[in-house]
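Structure, as structure tokens:
2 protein chains.
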Amino acid sequence: MKYSHRLSDAVHILTYIGASEIVEDDLSSRAIAGSINSNPSLVRRLMSSLKNAGLITSEPGRAAVSLSKPTSDITLLDVYKAIEEPDLFHVDEETNQSCPIGANIQSALHKAYDEVQKQAEDEMDKITLSDIVSDVVEGNKKALS
Amino acid sequence: MKYSHRLSDAVHILTYIGASEIVEDDLSSRAIAGSINSNPSLVRRLMSSLKNAGLITSEPGRAAVSLSKPTSDITLLDVYKAIEEPDLFHVDEETNQSCPIGANIQSALHKAYDEVQKQAEDEMDKITLSDIVSDVVEGNKKALS
DNA sequence: CGAACCTGTTATCTTATATGTAACATGTTA
DNA sequence: TAACATGTTACATATAAGATAACAGGTTCG
Chain A
7 MKYSHRLSDA
17 VHILTYIGAS
27 EIVEDDLSSR
37 AIAGSINSNP
47 SLVRRLMSSL
57 KNAGLITSEP
67 GRAAVSLSKP
77 TSDITLLDVY
87 KAIEEPDLFH
97 VDEETNQSCP
107 IGANIQSALH
117 KAYDEVQKQA
127 EDEMDKITLS
137 DIVSDVVEGN
147 KKALS
Chain B
7 MKYSHRLSDA
17 VHILTYIGAS
27 EIVEDDLSSR
37 AIAGSINSNP
47 SLVRRLMSSL
57 KNAGLITSEP
67 GRAAVSLSKP
77 TSDITLLDVY
87 KAIEEPDLFH
97 VDEETNQSCP
107 IGANIQSALH
117 KAYDEVQKQA
127 EDEMDKITLS
137 DIVSDVVEGN
147 KKALS
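Printed below as a string of structure tokens:
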């Protein structure tokens with residue numbers, strides 16, 4: 007996942023929905039794609055994951071997506087788990103088990119990566135969609151003044 | 007970089023060097039590649055980055071690589087910075103600047119990601135090669151008993 | 001009712017990246 | 001000098017992300 011911005015686009019979608027008062031109130035996948043500078047199909051695919059995770063509610067045929075929870079109850083961690091692979095780092099699972107190093111490095115790395123993952127997730131859990139929406143609305147106010 | 011294990015292989019190399027007493031004392035790229043179950047060229051490429059970062063010392067022609075610092079002075083963060091892209095998450099830099107959301111989401115995301123990055127890096131900075139080597143040596147002892 | 005929109009899903013193409021592999025110039029050792 | 005090493009480059013392959021198109025089905029409103 008080096009050059010991916012799936013997480014960013016997913017947050018963008020949620021922010022668009024959560025701050026729809028500052029844009030024309032068009033919540034179609036086409037309108038959201040216009041904001042991302044992407045295409046409606048990508049938006050609908052990401053929304054599919056967000057829907058599966060219980061973060062948004064939508065109905066076929068109607069351009070009427072909405073957040074399932076208040077913005078303060080949706081964390082960056084929720085979005086991360088809905089969209090991304092679970093692990094930030096990957097252990098090489100093909101190391102040589104006949105070598106003392108190769109046979110024991112995997113568990114040592116898993117232990118280390120788990121600690122990093124936990125700290126990252128704890129921090130992501132502290133950042134809410136409300137924070138992001140506030141920053142965006144604030145930035146927009148400044149730009150208009 | 008979804009399916010990459012560059013970081014794991016780099017730590018593997020350093021661990022191999024740092025724990026060479028529990029393997030036959032062959033520090034050639036071929037021997038290390040054997041432990042990773044990979045190939046010497048990959049090992050030499052990773053070692054090239056580790057050398058640029060000042061973590062190892064080596065000379066052309068001689069299979070005599072060594073750590074530039076004690077294992078307790080080499081952190082997971084050092085290896086991460088030597089090997090990986092600097093950022094865990096990437097902001098979509100192509101969002102529509104004509105849209106209030108698209109124009110302001112980038113800085114909001116950078117701010118959020120920076121906080122997560124900082125926590126992850128702080129944790130990586132606490133984990134040393136010494137910890138990894140200890141776990142591997144310990145695991146080997148158990149396997150032999 | 002029917003035209004015009006929408007969502008949800010799938011398929012294909014292109015591009016970026018990681019890895020495997022080979023090759024080669026050059027240094028070292030015995 | 002033969003054998004082996006590093007350091008670097010080039011190329012092939014596999015995986016994944018994103019762009020794009022297509023289409024079945026639902027919704028809205030004239």
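Just so you know, the protein sequences line up as chains A and B, in that order.
7 is the number of the first residue of the first sequence in our numbering; add one for each residue after it.
7 is the number of the first residue of the second sequence in our numbering; add one for each residue after it.
Each residue gets a CB set at the ideal place from its N, CA and C atoms; glycine is no exception.
> Excluding the five sequence neighbours on either side, which residues of its own chain have a C-beta within less than 6 Å of the C-beta of residue 72 of chain A, listed in chain order?
Replying inline: As a first step, residue 72 of chain A is located in the first sequence; it is residue number 66 there, counting from the start. Excluding residues within five positions, the ones whose Cβ falls inside 6 Å are 63.
>> Please list, in chain order, the residues of the segment 54-85 of chain A that have any C-beta partner in chain B closer than 7 Å.
In response: Cβ contacts with chain B come from 82.
>> Let me check understanding here. Comparing Cα to Cα, which of A/133, A/131, A/103 lies closest to residue 145 of chain B?
In response: Locating residue 145 of chain B in the second sequence gives position 139, counting from the first residue. Ranking A/133, A/131, A/103 by Cα distance to residue 145 of chain B puts A/103 first.
>> Please report the distance separating the alpha-carbon of residue 116 of chain A from that of residue 25 of chain B.
In response: By one-based count along the first sequence, residue 116 of chain A stands at place 110. By one-based count along the second sequence, residue 25 of chain B stands at place 19. Distance between the alpha carbons of residue 116 of chain A and residue 25 of chain B: 18 Å.
> Are the C-beta atoms of residue 135 of chain A and some chain B residue less than 8 Å apart?
Replying inline: Within the first sequence, residue 135 of chain A is the residue found at index 129, counting from 1. No, because no Cβ of chain B sits closer than 8 Å to the Cβ of residue 135 of chain A.
> Can you tell which of A/32, A/89, A/122, A/125 has its C-alpha closest to the C-alpha of residue 59 of chain A?
Replying inline: Position 53 of the first sequence holds residue 59 of chain A. With distances taken between Cα atoms, residue 59 of chain A lies closest to A/89.
> What are the start and end residues of the alpha helix (DSSP H) that includes residue 149 of chain A?
Replying inline: The sequence position of residue 149 of chain A within the first sequence is 143, counting from 1. Going by DSSP, residue 149 of chain A is part of the alpha helix (DSSP H) stretching over 135-150.
> Are the Cβ atoms of residue 138 of chain B and residue 118 of chain A separated by less than 8 Å?
Replying inline: Numbered from its first residue, the second sequence carries residue 138 of chain B at position 132. Numbered from its first residue, the first sequence carries residue 118 of chain A at position 112. Against a cut-off of 8 Å, the Cβ pair of residue 118 of chain A and residue 138 of chain B comes out as a contact.
>> Between residue 89 of chain A and chain B, is any beta-carbon pair separated by less than 8 Å?
In response: Counting from 1 along the first sequence, the entry for residue 89 of chain A is found at position 83. Judged by the 8 Å Cβ criterion, residue 89 of chain A is not in contact with chain B.
> With 16 as the cutoff for other CB atoms within 10 Å, does residue 9 of chain A come out buried or exposed?
Replying inline: Looking up residue 9 of chain A in the first sequence gives position 3. Exposed, by the Cβ-count rule.
>> Buried or exposed for residue 45 of chain B, going by 16 or more other Cβ atoms inside 10 Å?
In response: By 1-based counting over the second sequence, the position of residue 45 of chain B is 39. Counting Cβ neighbours within 10 Å, residue 45 of chain B comes out exposed, since fewer than 16 surround it.
> Around the C-beta of residue 150 of chain B, are 16 or more other C-beta atoms found within 10 angstroms, so that it is buried, or is it exposed?
Replying inline: In the second sequence, residue 150 of chain B corresponds to position 144, counting from 1. Flag for residue 150 of chain B reads exposed.
> Can you give the Cα-Cα distance for residue 93 of chain B and residue 84 of chain B, rounded to whole angstroms?
Replying inline: One-based indexing of the second sequence puts residue 93 of chain B at position 87. One-based indexing of the second sequence puts residue 84 of chain B at position 78. For residue 93 of chain B and residue 84 of chain B, the distance between alpha carbons rounds to 14 Å.
> Quick one, which of A/66, A/27, A/42 has its alpha-carbon nearest residue 112 of chain B's?
Replying inline: In the second sequence, residue 112 of chain B corresponds to position 106, counting from 1. It is A/42 whose Cα lies nearest to the Cα of residue 112 of chain B.
>> Output needed in chain order: residues of the segment 114-126 of chain B with a Cβ under 7 Å from some Cβ in chain A.
In response: Listed by position, the residues of the segment 114-126 of chain B near chain A (Cβ gap below 7 Å) are 114, 115, 117, 118, 121, 122, 125, 126.
>> Give the list of continuous alpha helix (DSSP H) stretches no shorter than 4 residues that lie fully inside the segment 71-140 of chain B.
In response: You should have 82-89, 106-132.
>> Using the three-state DSSP reduction, which class does residue 44 of chain B fall into: helix, strand or coil?
In response: Walking along the second sequence from the start, residue 44 of chain B turns up at place 38. DSSP places residue 44 of chain B in coil when its eight states are reduced to three.
> With C-beta atoms as the reference, is residue 109 of chain A less than 8 Å away from residue 56 of chain A?
Replying inline: As a first step, residue 109 of chain A is located in the first sequence; it is residue number 103 there, counting from the start. As a first step, residue 56 of chain A is located in the first sequence; it is residue number 50 there, counting from the start. Cβ atoms of residue 109 of chain A and residue 56 of chain A: not closer than 8 Å.
> Hey, how far is the Cα of residue 61 of chain B from the Cα of residue 75 of chain B?
Replying inline: Residue 61 of chain B sits at position 55 when you count from the first residue of the second sequence. Residue 75 of chain B sits at position 69 when you count from the first residue of the second sequence. Computed Cα separation, rounded: 7 Å.
>> Applying the 10 Å Cβ sphere with the 16-neighbour rule, what's the burial state of residue 141 of chain A?
In response: As a working note, residue 141 of chain A is residue 135 in the first sequence. With 16 or more Cβ atoms within 10 Å of its Cβ, residue 141 of chain A is classed as buried.
> For chain B, is any of its Cβ atoms less than 8 Å away from the one on residue 35 of chain A?
Replying inline: Counted from its first residue, the first sequence places residue 35 of chain A at position 29. At least 8 Å separates the CB of residue 35 of chain A from every CB of chain B.
>> Measuring alpha carbon to alpha carbon, tell me which residue in A/11, A/28, A/66 is nearest residue 34 of chain A.
In response: Here residue 34 of chain A is taken as the residue at index 28 of the first sequence, counted from 1. Residue A/66 is the option with its Cα nearest to residue 34 of chain A.
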